[in-house]
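Peer 1:
Numbering (the numbering used here), first residue to last: 38 to 121.
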């Protein structure tokens, strides 16, 4: 296996807490979600693997959003001698 390239397709970060202020005590509750999306490319033995990462934090006491992070990251790999 060889990594041919890696790149960020999309990146978004929103710091909601900094925009409006905390207004009191903050107890963060963080949720992380990861989704992998493999795709066969037209070129023999090449695959594009996409990873979508989503991280959200809310205040436990009020359920107000503190921050949101979304990352769409991908890589193109050359893979041989591995069963489908």
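Think of the CB as a built atom: it goes at the ideal place given N, C-alpha and C, for glycine as much as any other residue.
#1: Is residue 96 buried or exposed, if buried means 16 or more other CB atoms sit within 10 Å of its CB?
#2: For residue 94, count neighbouring C-beta atoms within 10 Å of its own C-beta (all shown protein chains included) and say buried if the count is 16 or more, exposed if not.
#3: Do the region 101-117 and the region 74-91 meet, that is, are 3 or more Cβ pairs less than 8 Å apart?
#4: Let me know if residue 73 comes out buried or exposed under the rule of 16 or more other beta-carbons within 10 Å of its beta-carbon.
#5: Spell out the partners DSSP gives residue 88 in its beta bridges.
#6: Skipping 5 residues on each side, what residues in its chain have a beta carbon closer than 8 Å to that of residue 64?
#7: Spatial neighbours of residue 43 within its chain, please: CB distance less than 6 Å, with the 5 preceding and 5 following residues excluded, ordered by chain position.
Peer 2: In short:
#1: Here the question's residue 96 lines up with position 59 in the chain shown. Result: buried.
#2: If you number the chain shown from 1, residue 94 lands on position 57. Flag for residue 94 reads buried.
#3: yes
#4: The residue you call residue 73 lines up with position 36 of the chain shown. Classification for residue 73: exposed.
#5: Stepping through the chain shown from its first residue, residue 88 is reached at position 51. Per DSSP, 73, 110.
#6: Along the chain shown, one-based indexing puts residue 64 at 27. Closer than 8 Å at Cβ, skipping near neighbours: 96, 97, 98.
#7: By 1-based counting over the chain shown, the position of residue 43 is 6. Taken in chain order, the residues that qualify are 112.
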